[in-house]
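FYI, in mature numbering (1 follows the signal peptide of the UniProt record, and there is no 0) the residues of the sequence shown are -21 to -1, 1 to 983. For every residue, glycine included, the Cβ atom is placed at its ideal position computed from N, Cα and C. Just so we're clear, the structure is a prediction, and the values are computed from it rather than from any experiment. See below for the structure under consideration.
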Amino acid sequence: MRIINRALLLSLPFWAMGLSAQQSTIYTHQLKDFDKAVMLYNDKQYQAAQILFEKSKEENTEMEVQADCAYYIASCAVKLNQKNADALMEDFVEDYPTNTKQNQAYVEVAGYHFSQGHYKQALEWYDKVNEGSLGNTDRDKYNFQKGYSYFSDGDKKNADKYLEKVKNSEKYGTQAKYYLGFMAYEGDDYKKASQYFEQVEDQQQYSEKLSYFQADMAFKEGDFNKAIKVGEPQLAKSSPQEKSELSKIIGESYFNLGQYDKAIPYLKEYRGKKGRWTNTDFYQLGYAYYKQGDYENAIAEFNKIISGKDAVAQNAYYHLGDSYLKTGKKQQALNAFKNASEMDFEPKIQEDAWLNYAKLSYEIGNPYQSVPEVLNSFMQKYPATPFKQEIQTLLINSYITSKNYKEALVLLENNKSPENRLAYQKVTFYRGMELYTDGNYQEALGLFKKSIAEQRDARFTARATFWKAETEYVLGQYNDALLSFKQFAGFSEAKSTPEYKNINYNIGYTYFKLKEYEQAAKFFQEYVDNAKNDNVRLNDALLRLGDSYFVSAKYWPAMEAYNKAISMNGIDADYALFQKGISYGFVDRNERKIEDLTKFVQSYPKSKYADDALYELGNTYVTVNQTDKALQTYDKLINGYKESSYVSRALMRQALIYYNAENDNKALEKFKKVVADFPNTPEAMEAVSTARLIYVDSGRTDEYASWVKTLGFVDVSDTDLDNTAFEAAEKQYLQNNTKQAISSLNSYVAKFPNGISSLKAHFYLAQAYFTDGLENNAVPHYEFVISKPRSEYTEQALARLSQIHLKNNDQAKAIPVLKRLETEAEYPQNVTFAQSNLMKSYYEQKDYANAVVYAEKVLANTKTEDRVKSDAQIIIARSAIKTNDETKARAAYAKLLTMAKGELAAEALYYDAYFKNKDGKYEASNDVVQKLSKDYSGYKYFGAKGLVVMAKNFYGLKDSFQATYILESVIKNFTDYPDVVEEAQNALNTIKAEEAKRNSSIQN
């Protein structure tokens, strides 16, 4: 027997001692490596030990030694965390199933996984252990480690089962009680948790964590004072995360005790879960500020609660609304109260929010729905409200103050109760004014009539009567307009209205349109005698006064009126000077007429009346027998104004001068030029007729016959028949027998396509078709007229033809006609008409450069009405937007704001807000949007676009609630405008994605 080293014996396990005692000397050499391996194993040199164990296993055939080696090899693999460790241990158990080391193997592998924190793997091996074979010490360790492994693996039931077994263990009892207490805490069994925690609270390693648990349990049990008492001392010792959680517990405890001033610093210290707060967290801090009267900070917290849909959110939005109200932010308050009113978690808060929402809607306007609708809805939802009388009063007034007359009218039409009749009269009047401004005259007329029919407020009855007259005048219903204007003037209340100061002017114009010039003069004179502070209208009244006297052959009074207009140096001063000169001719003052017309031509060479003046001047020289000057004057007209309708007549005048002077060759030269340049015109026919006399007198009839045969527009043999046929057709036309005229004129142009009067016949036929509503039938006949050399019918044909093309939305055909009208028109109103419609047509065709050119021409015309100027500014502005010329767009929309009304004003306000937003002037931009919402609520499209800008402003001002709430409201309420909804949705997605980084309650 070999001698066993005592030191080695003490270090070996019991089974190794047995083995050594049984070895005979024959195995001494073979066990040398085995013994060395055991020593290395005990020294934790597992890699070297494993190698020697593998060598010993190969060299020894003894089953027991091989089993020991297999065990140690597997154990080393476990301790070295080798990939095949589990497989080696499994092989050991399988290869040596009766080996006494099997249970110990399970314990050691499980213990190793436990020490590495591999609790799931540890449990797999603990489940294989035979607990009954363990000693007391090993059994306590087994129960604790298995219990803790279950705890870490989330199996609280089994964890509780094994930890309960060692709660009284001297070594593991304290730890077991801590974990048993923690599981009870997590299971909300605070009584049991407290019992366990109290048993281990004297342990240093648990004391800090226990303070947090105890504070949290006290909080959850409603013992807020205890939560504060336990938690506050622990704050300084806690880690940053524990400090954050404890601060939340202490802050909420003070909050629940109503000690808001003390709650605030603790609530602010909370860092949230993974750096994010919930809506409840923001609410508590916001409400604490609110209760302290710190409304700005309250707003800053409340407005981080976006898209909330629970009682906390409702409460927050209500107090947010109140905070806004207390800081004078009424638009923001409106949105917050509206949101709270749409939730029913707390009915009392909902009702109070509704009331505030309704009152604010009345006070500042409502961008989402009409104010009357809001107030009506409140009354329907809360019929027994103690504020019923107040709301009813606001409701009646709201029909007017809301300025959303379109929707107000719908509500009033459905509720014609006696108390609403006055509001109905006013709303129909104001809605009529909106429609009149937008050019919808027929609908406007109907509403003015409805307003007059109510007879509730005499002043509004008078005003509606005036605007009824204005509308009738615009529609060409002059007799009706005259009657209405006179009715207005007869109202005693009329004098207190803003319309009254111009009544004589309006009546004068109506008589003028009716060609009752003496009556027109009477009222224009009355206006002139009393006019104040309106030089533009006074100037125009003087011109029409002069015209009325002129047409009535009262030339001296006419000249007096024209002189006054000239002295004002206002619009149409050239016209006044021209008319004055003409008037001298009618009072046999031809020298003065020549003087004035000469002065006119020198002063206004580019006037529309310059060709008229030259023609009249030439005629006057003829009258006073100064034929040389007459010829020179006609030459100036012919050479300087080639497109004038007077050119053919001036040539005829020259020919007749030569004819009367018996200068036949010169006369024939002029007659032939008229025929060549202006065929198929009355002047051409007269030229042929007069030239015939020269040829006959000189015996050159053959030459005449040869010349006439070259003219396609005259057939001498058919002249009488031609004239007879045309005269019959013309008679029907002049007697306004439209259908008979159309038939007769069609017959004439069919029989005499090149007839003497074919030009006039085509013009009459076009006019008849136009009058009969067959506008497309008129087109070829107007085209015939404008295809011929300029005549007295050209301008009107161009105007009517362009009207037809514009009505048919055929800009391609309208543009060339309008361009001719612009250059050839003698009447200024036709030039304005051409230019204004050219700018619109070019814009419709997306030719923005030309659209702007014509818009600027319209603006440069001093005679352009404000309404047309507004159209021009909007074309410039929109074209600039389309071409990304922001500088020009800004300037154009700014100018538009000074003159626009109705929808154009709404558009101008929107862009004012838009540009202010781009400049970062968020509050100023919001002020503009509020004005847009309040004063132009009927124009929903720009109202909706304005709200999107407002939302962006609020986000720029760090008010996330306002931003998201407004965008959600736009998406919900303005589905008729998909482009606006899309813009709102994109903005909302962007904001929510950003806000979700700090608020875990936000769901994208």
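Problem set entry | Status (buried if at least 16 other CB within 10 Å, exposed otherwise) for residue 275 | Here residue 275 refers to the residue found at position 296 when the sequence shown is read from its first residue. With fewer than 16 other Cβ atoms from the protein chains shown falling within 10 Å of its own Cβ, residue 275 counts as exposed.
For this session: Might you give, ordered along the chain, the residues of its own chain that have their beta carbon closer than 6 angstroms to the beta carbon of residue 757, omitting 5 neighbours on each side?
Result: Looking up residue 757 in the sequence shown gives position 778. Cβ within range, chain order: 745, 748, 749.
Problem set entry | N-terminal and C-terminal residue of the alpha helix (DSSP H) that residue 619 is part of | Sequence index remark: in the sequence shown, residue 619 carries index 640 (1-based). Residues 606 to 619.
Exercise. My guess is that residue 740 and residue 761 are in contact by the Cβ rule of under 8 angstroms, so how many angstroms apart are they, rounded?
Worked result: The count along the sequence shown starts at 1 and reaches residue 740 at position 761. The count along the sequence shown starts at 1 and reaches residue 761 at position 782. Residue 761 and residue 740 do not touch by the CB rule: their CB atoms are close to 13 angstroms apart, not below 8 angstroms.
Problem set entry | Local Cβ density within 10 Å of residue 438, reported as buried at 16 or more and exposed below that | Position 459 of the sequence shown holds residue 438. Within a 10 Å sphere around the beta-carbon of residue 438 sit fewer than 16 other beta-carbons, which makes this residue exposed.
For this session: Using beta-carbon positions only, say whether residue 847 and residue 820 come within less than 7 angstroms of one another.
Result: Here residue 847 corresponds to residue number 868 of the sequence shown, with the count starting at 1. Here residue 820 corresponds to residue number 841 of the sequence shown, with the count starting at 1. For the 7 angstroms CB-CB criterion, residue 847 and residue 820 do not form a contact.
For this session: Using three-state DSSP, classify residue 360 as helix, strand or coil.
Result: Start at 1 with the first residue of the sequence shown, and residue 360 comes out as number 381. Here residue 360 sits in helix by DSSP.
For this session: On the DSSP bridge assignment, give the partners of residue 256 in chain order.
Result: Within the sequence shown, numbered from 1, the residue matching residue 256 stands at position 277. In the DSSP secondary-structure assignment, residue 256 is bridged to 978.
For this session: Determine, using beta carbons only, whether residue 753 and residue 781 come nearer to each other than 7 angstroms.
Result: Here residue 753 refers to the residue found at position 774 of the sequence shown. Here residue 781 refers to the residue found at position 802 of the sequence shown. Judged by their CB atoms, residue 753 and residue 781 are not nearer to each other than the 7 angstroms cut-off.
Exercise. Within 10 angstroms of its Cβ, does residue 396 collect 16 or more other Cβ (buried), or is it exposed?
Worked result: For this step, residue 396 is matched to residue 417 along the sequence shown. By the 10 Å Cβ count, residue 396 comes out exposed.
Exercise. Who are the near neighbours of residue 401 in its chain, counting only those whose CB is closer than 7 angstroms to its CB and skipping five residues on each side?
Worked result: Within the sequence shown, numbered from 1, the residue matching residue 401 stands at position 422. Excluding residues within five positions, the ones whose Cβ falls inside 7 angstroms are 435, 436.
Problem set entry | DSSP state of residue 201 mapped onto helix, strand, coil | By 1-based counting over the sequence shown, the position of residue 201 is 222. Three-state DSSP puts residue 201 in coil, outside helix and strand.
Exercise. By Cβ distance, which residues of its chain are closer than 7 angstroms to residue 6, with the 5 residues on each side in sequence left out?
Worked result: As a first step, residue 6 is located in the sequence shown; it is residue number 27 there, counting from the start. Confidence in residue 6 is poor, its pLDDT being 48 and thus under 50, which makes the residue's placement unreliable; the coordinate value appears in the next sentence. Around residue 6: no qualifying Cβ.
For this session: Name the residue from 26, 36, 40, 39 whose alpha carbon lies nearest to the alpha carbon of residue 64.
Result: Here residue 64 corresponds to residue number 85 of the sequence shown, with the count starting at 1. Of the candidates 26, 36, 40, 39, the residue whose Cα lies closest to the Cα of residue 64 is 26.
For this session: Could you tell me if residue 863 is buried or exposed, where buried requires 16 or more neighbouring beta carbons within 10 angstroms of its beta carbon?
Result: Position 884 of the sequence shown, counted from the start, is the residue given in the question as residue 863. Residue 863 comes out exposed.
Exercise. How long is the line joining the alpha carbons of residue 813 and residue 405, rounded to whole angstroms?
Worked result: Position 834 of the sequence shown, counted from the first residue, corresponds to residue 813. Position 426 of the sequence shown, counted from the first residue, corresponds to residue 405. Residue 813 and residue 405 have their C-alpha atoms spaced approximately 38 angstroms apart.
For this session: Identify the continuous alpha helix (DSSP H) that holds residue 141 and give its terminal residues.
Result: If you number the sequence shown from 1, residue 141 lands on position 162. Its alpha helix (DSSP H) spans residues 135 to 143.
Exercise. If you scan the stretch 659 to 683 from start to end, which runs of the alpha helix (DSSP H) of 4 or more residues do you find wholly inside it?
Worked result: Here the runs fully enclosed are 661 to 676.
Problem set entry | Chain-order list of residues whose beta-carbon lies under 7 angstroms from that of residue 649 (same chain, five-residue window excluded) | By one-based count along the sequence shown, residue 649 stands at place 670. Cβ neighbours of residue 649 beyond the five flanking positions: 630, 633, 634, 637.
Exercise. Using the C-alpha atoms, what's the distance from residue 558 back to residue 532?
Worked result: Indexing the sequence shown from 1 puts residue 532 at position 553. Indexing the sequence shown from 1 puts residue 558 at position 579. Straight-line Cα distance between these residues: approximately 13 angstroms.
Problem set entry | Start-end ranges of the beta strand (DSSP E) lying completely within the stretch 244 to 324, minimum 3 residues | Runs found: none.
Exercise. Assuming residue 313 contacts residue 339 under a Cβ cut-off of 8 angstroms, what Cβ separation, rounded to an integer in Å, is found between them?
Worked result: As a first step, residue 313 is located in the sequence shown; it is residue number 334 there, counting from the start. As a first step, residue 339 is located in the sequence shown; it is residue number 360 there, counting from the start. About 5 angstroms; that satisfies the 8 angstroms criterion.
Exercise. Near residue 871, which residues of its chain fall below 7 angstroms by C-beta distance, leaving aside the five closest residues on each side in sequence?
Worked result: Locating residue 871 in the sequence shown gives position 892, where the first residue counts as 1. Its chain contains 852, 855, 856, 859 as the residues whose beta carbon lies nearer than 7 angstroms to that of residue 871, once the 5 sequence neighbours on both sides are disregarded; these appear in chain order.
Problem set entry | Per-residue burial, residue 974 [other beta carbons within 10 Å of its own, 16 or more giving buried] | Position 995 of the sequence shown holds residue 974. Residue 974 is classed as buried because its beta carbon has at least 16 other beta carbons within 10 Å across all chains shown.
Problem set entry | Where residue -1 falls: helix, strand or coil (DSSP) | By 1-based counting over the sequence shown, the position of residue -1 is 21. Summary for residue -1: the model assigns pLDDT 40, below 50, so the residue's position carries little reliability; its value from the coordinates is reported in the next sentence. DSSP places residue -1 in helix when its eight states are reduced to three.
Exercise. Does the distance from the C-beta atom of residue 450 to that of residue 420 stay below 7 angstroms?
Worked result: Here residue 450 is taken as the residue at index 471 of the sequence shown, counted from 1. Here residue 420 is taken as the residue at index 441 of the sequence shown, counted from 1. Residue 450 is a Cβ neighbour of residue 420, given a cutoff of 7 angstroms.
For this session: Run the CB neighbour count on residue 320, radius 10 Å, all protein chains shown included, and call it buried at 16 or more, exposed below.
Result: Along the sequence shown, one-based indexing puts residue 320 at 341. Classification for residue 320: buried.
Exercise. Taking buried to mean at least 16 other C-beta atoms within 10 Å of its own C-beta, is residue 216 buried or exposed?
Worked result: Stepping through the sequence shown from its first residue, residue 216 is reached at position 237. Around the Cβ of residue 216, a 10 Å sphere holds fewer than 16 other Cβ atoms; the residue is exposed.
Problem set entry | Three CB pairs or more closer than 8 angstroms across the stretch 581 to 589 and the stretch 605 to 612 | No, the stretch 581 to 589 does not touch the stretch 605 to 612.
Exercise. Looking only at its own chain, which residues have a Cβ that is under 6 angstroms from the Cβ of residue -1, when we skip the five neighbours before and after it?
Worked result: Position 21 of the sequence shown, counted from the start, is the residue given in the question as residue -1. Below a pLDDT of 50, predicted positions are generally treated as unreliable, and residue -1, at 40, falls in that range; no measurement from the model is reported.
Problem set entry | DSSP state of residue 640 mapped onto helix, strand, coil | As a working mapping, residue 640 is identified with position 661 in the sequence shown. In the structure shown, residue 640 sits in coil (DSSP, three-state: anything other than H, G, I, E or B).
Exercise. Under the three-state reduction of DSSP, which class applies to residue 20: helix, strand or coil?
Worked result: Within the sequence shown, residue 20 is the residue found at index 41, counting from 1. The DSSP-derived three-state label of residue 20 is helix.
Problem set entry | Status (buried if at least 16 other CB within 10 Å, exposed otherwise) for residue 684 | For the purposes of this step, residue 684 is taken as residue 705 along the sequence shown, with counting starting at 1. Classified as exposed, residue 684 has fewer than 16 neighbouring CB atoms from the shown chains inside 10 Å of its CB.
Exercise. Who are the Cβ neighbours of residue 640 in its own chain at under 6 angstroms, not counting the five residues just before and after it?
Worked result: The residue labelled residue 640 in the question sits at position 661 within the sequence shown. The answer is none, since no qualifying residue turns up.
Problem set entry | Three-pair Cβ contact test at 8 angstroms for the stretch 338 to 354 versus the stretch 363 to 380 | Result yes; three or more Cβ-Cβ pairs closer than 8 angstroms.
Exercise. Quick one: what's got a C-beta closer than 6 angstroms to residue 948's C-beta in the same chain, skipping five residues either side?
Worked result: The sequence position of residue 948 within the sequence shown is 969, counting from 1. Contacts found: 347.
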